[in-house]
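> One structure is given below, represented as structure tokens, and several questions about it will come after.
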Amino acid sequence: MKRIPGYLCVALLLLVVTYPLVWLFLGSFKTQDEFLNNPTTALPESFTNFANYTQAWSAVATYLQNSLLTVLPSLALIVVFGTAAGFALEVLVWKGRQTTLMLFLAGIMIPGQMILLPLFTIYFNLHLTGTLWPLIITYTAIGLPLTVFMMATYFRAIPREVFEAAAIDGASVIRSFVSVGFPMMRNSVLTIALVQFFFLWNDLLIALTFTTDDSKRTVQVGLLNFTGQFGVVEYGPTFAAICINVLLILAIYIFLNQRVMRGLAAGAVKG
Amino acid sequence: MASHFKPKHLMAAAGAVALVLSTAACGGSSDSGSTTAKNFSFLAINENTTIAKTLTTLSQKECATQNTAQPLEIKNQAQASLDQQLQLLAGQGALPQLFTAANAPSLTSQLADNGTVLDAAAVSESVLPAASSTIKSLYDGKQLVLPTELNIEGIWYNKKLLTDNGITTVPSTWEDLVAAFAKLQGAGVQPISQAGKGGDGWGVTRWVGNYILRQQGPDALKKVADGSAKLTDPQYVAAADAIAALGKAGYFGKSPTSIDYATALNTFLTGKAAFIYMGSWALSDFNDETKNKIGVDNVGFLKFPTVAGGVGTADQMPANVGTAVAISKKAYEGDANTQAWVKCIVDNYGTVALRDSSQITGFTTDSAVEVPALTKEIQTEIGNVQSSVLWFEGYFSAKATTVSQSNGGLLGSGQLTGEKFMQTVTANLG
Amino acid sequence: MHSVLGDRKSVAILLGPALLVYSLIMLVPMLWSLGYTFFTGSVISGFTWAGTANFSKLFDDPALPDALWFTVKYAVVITVGQVLVGYLLALLYVYFLRRAGSVIRTLVFFPVVLPTVAVALLFQKFFEYAPQTGPVNAVIEAFGGTGVDWFSTPGHAFLVVALMDIWRSMGFYAVLLYAGLLDIPDEMMEAASMDGAGTWRQIRSIVLPLSLPVLVSSLVFSINGTLKAFDSIYALTGGGPGSATTPLTLYMYQTSFAYGDYGYGSTIALTLTMLCLLVTIFIFRGTRRDLAQG
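As you go down the protein sequences, you meet chains A, B and C in turn.
Under the UniProt record's numbering, the residues of the first sequence are numbered 1 to 271, in order.
Under the UniProt record's numbering, the residues of the second sequence are numbered 1 to 430, in order.
Under the UniProt record's numbering, the residues of the third sequence are numbered 1 to 294, in order.
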């Protein structure tokens, strides 16, 4: 009996979260005519209308590939550089580290709009426009401040003796980071990677500014592509494209989620 | 780790990279100098596929020779970021030979003043007078773009809805038109379908602009641009109030602020509204049976009516060149291949666009092309245009245009008074 | 020991790459942009020295206070909303669903990964007033109310933006906070239960103080995003009706890129940066104190 309010909460939660998703899925089978002239809540007239999907897929495949090719390398760089910097700033002892940490912290506050035009000029002159490099480089830089800051915070919680002991054992500082520091941070790294993944995956501003070539569009920019001249939104193909995107992300998420949960469980055992 | 990397080296490396960057930034790039370019590049917008399609056809047929000398290359850009992209490219001296003209006419004028855009008057022998006049009024008397589109605007009506509700003569004055609205509203028919959502609010501000022009004559908006009149002057406010009154009366439907362009058009094409202010670019939708449920024979075109006591006439046609293309001066001059390409486009574009895409352009066409009746009617209408006028925001800065259009919906829903609307726009004109 | 952990070579190797990328891609362009605040013009017309004209414009511009106020209002409401709802969800996961709720956690998390453009489209359709009646208004009318024209008044439009952003991100904060809650040793919880402490008292006196660090980092995450929010507002309301839902970010973007006034745009961006700076300092001083007390 005590659990009834809980179940009600869960039921409401599921309704609030899943209904829009279901509606989105249903929408991917509707024609433009249905979107404009049938009630919003109506079911699609045909569940075998895959025209939207065929139209969407040809474009979305490229967009997905571009998104993965930019987000994954950036993510790897962010994690490696960020963790190393966090270690250097928190565990190692040197003059000026507090200032440097503050310098990184300042980066969290810089709005993306502030750096767009200078960056465009730089990339243009380095002949990088028309490739995915501007995105990878910019994403890495933008992801770093928060990562460095969070990693430094996590390292703060670990007694410094652990690393000192490793260093005395004959391992150099670098090796103590690689073999002790980094593995210890595995759960935090996964959490941060997850956070950054979704920040980068959902970026519109940077991708919009630096992708001029149609074949280099990411998913976010690509979805704008389904809007025609005079702002006519082609709802069906847009929804189908979103659904394809969602299914892929779901697969990645389920994979990552298990790793994160396994990592968390491992952390709990150790802790 | 036996690395010899020291902070000193790090600083040196950073310095070197910075140096490379700064020299690169100052050096600029000059790929398309006076020597002939490898490709004939065109910067298209995603939202308009007609130009790219027509150019591709030209490159395979009519302009095949030119295409062999300098193959066509098309790059795409989102319309929303076009102006930004053009500014950046122009700043680098890297504009392609042919590019979609900026959304803001003032930007193209700026580029011309700066010597980056070609004054196309010399290459425009096949351009219609109506197009030429529109382009010139838009760009301070210069012919800065090629009219790959030419649209006239006016009020389209549903013939059947009008006769069904006892409106037997098509209104030709503002007073008749408003009386028709009242009659339709009384009969439970939405008089006007117009978009007012966000930037789509131009649908409403066009009414304001045309009312001003009909009342005060074709140079009324130019006067505002010159500074000899203000939008907050009583006669201008009166025009905005006239439209606000339509909004207050509910003639624009239930909630124009939530209606976007596609919805507004669909409302008209499914017979749920009697009138719509629209440009002739929508002919392709009118001719499309899957979209037009009222039948193309049922659609009539009405020139924006005269206002009692006004000095403007209905013949002063609101016109625009829609998505036009501009030529880079630097790339054109001294490159014979590019010049040949441009000549071929000017000579053949009109016919190919009309034949393959039913697109009315500002170029002369081969009269043998067969077109639907309504399109023919509008073509004749365009041919008869003696003087054209610009839309409400035609002379505005980009900022004032955005502000005006995003407040248009509120005017159409009766939430803004004419005075408040004009004040808001004026505050952003500077 | 400091001699080992103070090895300069190691510092350079570990810190170098991050610092280099960060400096070149963020700090240098940032300073570059700061330089623009003293200029007027654009890339084409060329830049001319404007002195402090952009700054005096800042104080005369009637649109600026509106945008600033909207940014603050938005950041406060959304941050509190996101973290509060996220925390409640995390508590629900821990106390009610326990470790079995992975499917639900996944589902609730899911909206985060949906493209902003998509979510905005979804909410526009959900809160539609005309010509179709969207599900929300359909429900209101079914209960005898009259439908609301959500996007035509500033208050209602703000409400929809807030709901959308909270809906979108609550699952994310729930997972973040849930991970933090899992770190609280079971013994502490059990000890509290055996004391006879009720669930709510247990939450208030034990769980809340212990989860304070992760709550604070969630707040930092959140405010960092909400102050700079751009996509969701741009896609949902486009800043409207009129300019009633235009935050500094959007105003800055329009000024620089749509209106081509890069100097004034940079000045607006500077205003936003100062605001972020103030907030960050505020949070830091606050948390240092809280953590010391905890």
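Ideal Cβ placement from N, Cα and C applies to all residues, glycine included.
These figures come from a predicted structure and were not determined experimentally.
1. Using 10 angstroms around the beta-carbon of asparagine 245 (chain A), count the other beta-carbons present and answer buried if the total reaches 16, otherwise exposed.
2. With contact counted as at least three CB pairs below 8 Å, one residue from each stretch, are the region 65-72 of chain B and the region 88-95 of chain B in contact?
3. Please state whether the Cβ-Cβ distance between proline 305 (chain B) and glutamate 153 (chain B) is less than 7 Å.
4. Kindly indicate if chain B contains any beta-carbon less than 7 Å away from that of phenylalanine 35 (chain A).
5. On the CB-based measure, 16 or more other CB atoms within 10 Å of its CB, does alanine 76 (chain A) come out buried or exposed?
6. Helix or strand or just coil, what does DSSP make of proline 318 (chain B)?
7. Helix, strand or coil: which one does DSSP assign to proline 191 (chain B)?
8. Taking the CB atoms as reference points, tell me whether valine 219 (chain A) and tyrosine 53 (chain A) lie closer together than 7 Å.
9. Just to confirm, is the Cβ distance from valine 342 (chain B) to glutamate 149 (chain B) under 7 Å?
10. Quick one: Cα of tyrosine 234 (chain C) to Cα of isoleucine 327 (chain B), how far?
11. In terms of alpha-carbon separation, which member of A:Gly222, A:Val10 and A:Glu34 lies closest to glycine 101 (chain C)?
12. Could you check which residue in C:Phe55, C:Leu5, C:Gly35 and C:Gly51 has the C-alpha nearest to that of leucine 89 (chain A)?
13. Classify serine 228 (chain B) as buried or exposed, calling it buried when 16 or more other Cβ atoms lie within 10 Å of its own Cβ.
14. Enumerate in chain order the residues of its own chain whose CB-to-CB distance from leucine 354 (chain B) is below 6 Å, with the five nearest sequence positions on each side excluded.
15. How about phenylalanine 29 (chain A) and tyrosine 235 (chain A): are their beta carbons less than 7 Å apart?
16. Mark proline 44 (chain A) as exposed unless 16 or more other C-beta atoms lie within 10 angstroms of its C-beta, in which case mark it buried.
17. Contact between the region 165-174 of chain C and the region 79-94 of chain C is defined here as three or more beta-carbon pairs at a separation below 8 Å; is this criterion met?
18. Quick one: is asparagine 202 (chain A) buried, meaning 16 or more other Cβ sit within 10 Å of its Cβ, or exposed?
19. Please check if any C-beta of chain C sits within less than 7 Å of the C-beta of methionine 114 (chain A).
20. Using a Cβ cut-off of 9 Å, pull out every chain C residue sitting near valine 71 (chain A), in sequence order please.
21. Counting only beta-carbon atoms, is glutamine 92 (chain B) nearer than 7 Å to chain A?
22. Taking DSSP's pairing of strands, which residues face glycine 300 (chain B) in a bridge?
23. Could you give the C-beta distance for leucine 283 (chain B) and threonine 417 (chain B), rounded to a whole number, given that I count them as a contact under 8 Å?
24. With DSSP as the reference, identify every bridge partner of lysine 75 (chain B), one or two as the case may be.
25. For chain B, find out if any of its Cβ atoms is closer than 7 Å to the Cβ of proline 241 (chain C); answer yes or no.
26. Can you pull the chain C neighbours of residue 437 (chain B), defined as C-beta to C-beta under 9 Å?
27. Name the two residues that bound the continuous alpha helix (DSSP H) containing serine 328 (chain B).
28. Residue ranges of each beta strand (DSSP E) run of no fewer than 3 residues wholly in the region 353-387 of chain B, ordered along the chain?
29. Do tryptophan 281 (chain B) and asparagine 384 (chain B) count as a contact pair if the criterion is CB distance below 7 Å?
30. Between the region 250-275 of chain C and chain B, which residues of the former have a C-beta closer than 7 Å to a C-beta of the latter?
31. Fully enclosed by the region 11-70 of chain C, which alpha helix (DSSP H) runs are 4 residues long or longer?
32. Ignoring anything shorter than 3 residues or poking outside the region 186-274 of chain B, list the beta strand (DSSP E) runs there in chain order.
33. Look at the alpha carbon of glycine 222 (chain A) and the alpha carbon of alanine 78 (chain B), and state the distance between them as a whole number of angstroms.
34. In or out: methionine 188 (chain C) buried (at least 16 other Cβ within 10 Å) or exposed?
35. Check the DSSP bridge columns for leucine 98 (chain B) and list the partner residues they point to.
36. Measure from the alpha carbon of alanine 174 (chain C) to the alpha carbon of each residue in C:Asp149, C:Ser211 and C:Gly198, then state which is nearest.
So, from the data block:
1. The count along the first sequence starts at 1 and reaches residue 245 (chain A) at position 245. Burial of asparagine 245 (chain A) is indicated by the presence of at least 16 other C-beta atoms within 10 angstroms of its C-beta.
2. No contact exists between the region 65-72 of chain B and the region 88-95 of chain B.
3. Here residue 305 (chain B) corresponds to residue number 305 of the second sequence, with the count starting at 1. Here residue 153 (chain B) corresponds to residue number 153 of the second sequence, with the count starting at 1. In this structure, glutamate 153 (chain B) does not lie closer than 7 Å to proline 305 (chain B) by Cβ.
4. What you label residue 35 (chain A) is simply residue 35 of the first sequence in a count that begins at 1. So no, phenylalanine 35 (chain A) is outside the interface.
5. Looking up residue 76 (chain A) in the first sequence gives position 76. Its Cβ having fewer than 16 others within 10 Å, alanine 76 (chain A) is exposed.
6. Position 318 of the second sequence holds residue 318 (chain B). Residue state, collapsed to three classes: strand.
7. Numbered from 1 along the second sequence, position 191 holds the residue referred to as residue 191 (chain B). Looking at proline 191 (chain B) - three-state DSSP - the assignment turns out to be strand.
8. Taking the first sequence and counting its residues from 1, one reaches residue 219 (chain A) at position 219. Taking the first sequence and counting its residues from 1, one reaches residue 53 (chain A) at position 53. Between valine 219 (chain A) and tyrosine 53 (chain A), the C-beta spacing is not below 7 Å.
9. Reading the second sequence from its first residue, position 342 is the one you call residue 342 (chain B). Reading the second sequence from its first residue, position 149 is the one you call residue 149 (chain B). No, they are not a contact pair.
10. As a working mapping, residue 234 (chain C) is identified with position 234 in the third sequence. As a working mapping, residue 327 (chain B) is identified with position 327 in the second sequence. Cα-Cα distance, rounded: 32 Å.
11. As a working mapping, residue 101 (chain C) is identified with position 101 in the third sequence. Nearest option by C-alpha distance: A:Val10.
12. By 1-based counting over the first sequence, the position of residue 89 (chain A) is 89. The residue with the shortest Cα to Cα distance from leucine 89 (chain A) is C:Leu5.
13. Taking the second sequence and counting its residues from 1, the one referred to as residue 228 (chain B) is at position 228. The residue in question, serine 228 (chain B), is exposed, as its Cβ has fewer than 16 Cβ neighbours within 10 Å.
14. Against the second sequence, residue 354 (chain B) aligns to sequence position 354. Exclusion of the five residues before and after leucine 354 (chain B) leaves Thr365 and Val369 as the residues of its chain whose Cβ lies within less than 6 Å of its Cβ.
15. Within the first sequence, residue 29 (chain A) is the residue found at index 29, counting from 1. Within the first sequence, residue 235 (chain A) is the residue found at index 235, counting from 1. Taking 7 Å as the Cβ cut-off, phenylalanine 29 (chain A) and tyrosine 235 (chain A) do not qualify as a contacting pair.
16. Start at 1 with the first residue of the first sequence, and residue 44 (chain A) comes out as number 44. Looking at its Cβ environment, which holds 16 or more other Cβ atoms inside 10 Å, proline 44 (chain A) is buried.
17. Contact between the region 165-174 of chain C and the region 79-94 of chain C is present, because at least three Cβ pairs lie under 8 Å.
18. For this step, residue 202 (chain A) is matched to residue 202 along the first sequence. If you draw a 10 Å sphere on the C-beta of asparagine 202 (chain A), you find 16 or more other C-beta atoms in it, and that means buried.
19. Numbered from 1 along the first sequence, position 114 holds the residue referred to as residue 114 (chain A). Yes, because at least one Cβ of chain C sits closer than 7 Å to the Cβ of methionine 114 (chain A).
20. Indexing the first sequence from 1 puts residue 71 (chain A) at position 71. Contact of valine 71 (chain A) with chain C by beta-carbon distance below 9 Å is absent, the smallest such distance being about 12 Å.
21. Position 92 of the second sequence, counted from the start, is the residue given in the question as residue 92 (chain B). Yes, glutamine 92 (chain B) lies at the interface with chain A (some Cβ there is under 7 Å from its Cβ).
22. Along the second sequence, read from residue 1 onward, the residue named residue 300 (chain B) stands at position 300. B:Tyr157, per the DSSP bridge assignment.
23. Along the second sequence, read from residue 1 onward, the residue named residue 283 (chain B) stands at position 283. Along the second sequence, read from residue 1 onward, the residue named residue 417 (chain B) stands at position 417. Not a contact, Cβ separation roughly 35 Å.
24. Mapped onto the second sequence, residue 75 (chain B) falls at position 75. The secondary-structure analysis by DSSP pairs lysine 75 (chain B) across a beta bridge with B:Leu43.
25. Taking the third sequence and counting its residues from 1, one reaches residue 241 (chain C) at position 241. True, the Cβ-Cβ gap to chain B drops below 7 Å.
26. A question about residue 437 (chain B) goes unanswered here, because the residues of chain B that appear run from 1 up to 430.
27. Residue mapping note: residue 328 (chain B) aligns to position 328 of the second sequence, counting from 1. Where serine 328 (chain B) is concerned, there is no enclosing alpha helix (DSSP H), given that its DSSP letter is neither H nor E.
28. No beta strand (DSSP E) of 3 residues or more sits fully in the region 353-387 of chain B.
29. As a first step, residue 384 (chain B) is located in the second sequence; it is residue number 384 there, counting from the start. As a first step, residue 281 (chain B) is located in the second sequence; it is residue number 281 there, counting from the start. Their beta carbons are not under 7 Å apart, which means asparagine 384 (chain B) does not touch tryptophan 281 (chain B) by this criterion.
30. Those residues of the region 250-275 of chain C that come within reach of chain B (Cβ to Cβ, closer than 7 Å) are Gln254, Phe257, Ala258, Tyr259 and Gly260.
31. Here the runs fully enclosed are 28-36 and 53-60.
32. Runs of the beta strand (DSSP E) inside the region 186-274 of chain B: 190-192.
33. Within the first sequence, numbered from 1, the residue matching residue 222 (chain A) stands at position 222. Within the second sequence, numbered from 1, the residue matching residue 78 (chain B) stands at position 78. Spanning the alpha carbons of glycine 222 (chain A) and alanine 78 (chain B) requires a straight line of approximately 10 Å.
34. Here residue 188 (chain C) refers to the residue found at position 188 when the third sequence is read from its first residue. A residue is called buried once 16 or more other Cβ atoms fall within 10 Å of its Cβ, and methionine 188 (chain C), having fewer, is exposed.
35. Within the second sequence, residue 98 (chain B) is the residue found at index 98, counting from 1. Note: leucine 98 (chain B) sits in a beta bridge opposite B:Phe42 and B:Ile327.
36. Counted from its first residue, the third sequence places residue 174 (chain C) at position 174. It is C:Ser211.
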